[in-house]
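So the structure is just underneath, and the comments pick up after that.
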Amino acid sequence: MTARGDFIQMFGGVFEHSPFIAERAYDAGLMLVPLTSKSVHDALTSIFRRASREERLGVLRAHPDLAGKLAVAGELTEDSKKEQAGAGLDRLSAAEHARFTELNTAYMKKFGFPFIIAVKGLTKDDILAAFEKRLHNSADEEFDTATAQVEKIALLRLQSLLPGH
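Following this note's numbering, the numbering of the sequence shown begins with 1020 at its first residue and continues without gaps.
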């Protein structure tokens, strides 16, 4: 495999199902050696921020619902599965699952993309509180909040891919 192919294989999933970000970062020569979580995050984030609004919306839409049907069916990416399990979203009561489903539906209806939050270090109660608060945001505020959360998730994923950096 080429260096480009290795890079894309390693970092293409950092932004959920959006390898175009890693492809563009590599092609633009933004990668500094040695690769660190910070340098790769800076490069990928600069590409994400320069992407069109439609492309960024596509990245948002590539994220799964929290505790949603993909989780129930066992069809999350490994990263998403670990992240949601770490927050206890794989161990919800029937009432909690119903509340997440209700909030996911309302959020998607209002904003047109799933609720996104970097769940590391949060409890299900923290997530529910953020969900309920963010449902009151304007569309522009929530787009900005969700893209910032995507960038935070990317950094957390890179820190686990590049430990010690």
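C-beta: ideal position from N, C-alpha, C; glycine also. Predicted model, so just to flag it, every value in this text is computed and none were measured.
> How many angstroms separate the CA atom of residue 1170 from the CA atom of residue 1126?
Replying inline: 20 angstroms
> Expressed to the nearest angstrom, what Euclidean distance is found between the alpha-carbon atoms of residue 1066 and residue 1078?
Replying inline: 12 angstroms
>> Within a Cβ cutoff of 7 angstroms, which residues of the same chain sit near residue 1142, ignoring the five residues on either side of it in sequence?
In response: 1106 and 1107
> Going along the chain, which unbroken runs of the alpha helix (DSSP H) with 4 or more residues stay wholly within the region 1105-1150?
Replying inline: 1113-1130
>> Please identify the residue among 1178, 1146, 1155 and 1084 whose C-alpha is closest to the C-alpha of residue 1132.
In response: 1084
> Taking the C-alpha atoms as reference points, what is the distance between residue 1080 and residue 1033?
Replying inline: 15 angstroms
> Would you call residue 1025 buried or exposed, if buried means 16 or more other Cβ atoms sit within 10 Å of its Cβ?
Replying inline: exposed
> Excluding five sequence neighbours on each side, which residues of the same chain lie with their C-beta closer than 6 angstroms to the C-beta of residue 1147?
Replying inline: none
> Out of curiosity, what's the CA-to-CA distance linking residue 1070 and residue 1044?
Replying inline: 11 angstroms
>> Rounding to the nearest angstrom, what Cα-Cα distance links residue 1157 and residue 1130 in this structure?
In response: 9 angstroms
> Do you know whose CA, among 1098, 1128 and 1075, lies nearest residue 1162's CA?
Replying inline: 1075
> Are there 16 or more other CB atoms within 10 angstroms of the CB of residue 1072, so buried, or fewer, so exposed?
Replying inline: exposed
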